[in-house]
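This report concerns only the one structure given below.
In full-length UniProt numbering, the protein residues as written are 1 to 159.
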């Protein structure tokens with residue numbers, strides 16, 4: 001089921017491929033790989049459906065991201081120069097923040113459970129038992145995703 005959904009998403013990506021003539025080849029590859037990764041995650045979450053918290057979290061994140069990009073794209077056409085200035089200012093403040101963080105002594109490492117909560121989508125609000133169940137299911141789906149992607153790569157690399 002995941003394989004079919006993922007292949008459909010890849011075909012959709014191929015049909016709707018944007019024109020990257022102004023971008024460098026490394027930038028184009030990065031954007032394409034990012035789109036493939038998003039297609040894989042969305043296919044995986046759509047197959048599982050809303051039964052699991054991690055799939056709901058992924059679907060919500062992807063919908064929010066799509067909405068953000070839609071409005072950002074509309075706004076970008078009228079505010080391109082202002083956005084460039086804002087981006088430059090953000091980079092400068094980010095550098096200053098990184099320097100300040102490196103001066104502050106590191107806090108103690110988080111517990112393993114809290115680290116796991118960060119890894120599993122939607123895991124921040126779960127109790128331990130639910131977190132472990134969701135993690136097991138998420139790992140199972142990720143391993144299926146890897147197997148499907150390897151099979152696709154093997155199939156097309158042999159041609």
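By construction, the Cβ of each residue, glycine as well, lies at the ideal position given by its N, Cα and C atoms.
Distance from the CA of residue 125 to the CA of residue 135, rounded to the nearest whole angstrom, comes to 13 Å. Here the alpha carbon of residue 2 sits roughly 27 Å from the alpha carbon of residue 129. In the structure shown, residue 72 adopts helical secondary structure according to DSSP, grouped into three states. The alpha-carbon separation between residue 142 and residue 24 amounts to approximately 31 Å. Scanning its chain for C-beta atoms nearer than 6 Å, with the 5 sequence neighbours on each side dropped, one finds around residue 121 the residues 54, 57 and 58, in chain order. Each residue's CA atom was taken as its position, placing residue 117 and residue 132 some 10 Å apart. Cβ-Cβ separation between residue 42 and residue 11: approximately 14 Å, too far for a contact (criterion under 8 Å).
When only Cα atoms are considered, residue 112 and residue 67 end up about 34 Å apart.
15 is the residue among 15, 49, 51 and 138 whose C-alpha sits nearest the C-alpha of residue 35. The alpha-carbon of residue 46 is positioned some 15 Å away from that of residue 140. Buried is the label assigned to residue 6, since at least 16 other Cβ atoms lie within 10 Å of its Cβ. Around the beta carbon of residue 33, a 10 Å sphere encloses fewer than 16 other beta carbons of the protein chains shown; the residue is thus reported as exposed.
In terms of Cβ geometry, residue 40 and residue 150 do not form a close pair [threshold 8 Å]. DSSP places residue 143 in the helix class (H, G or I) of the three-state scheme. Collapsing the DSSP output to three states places residue 125 in a helix.
The residues 117 and 131, in chain order, have a CB closer than 6 Å to that of residue 123 in the same chain once the five nearest residues on each side in sequence are set aside.
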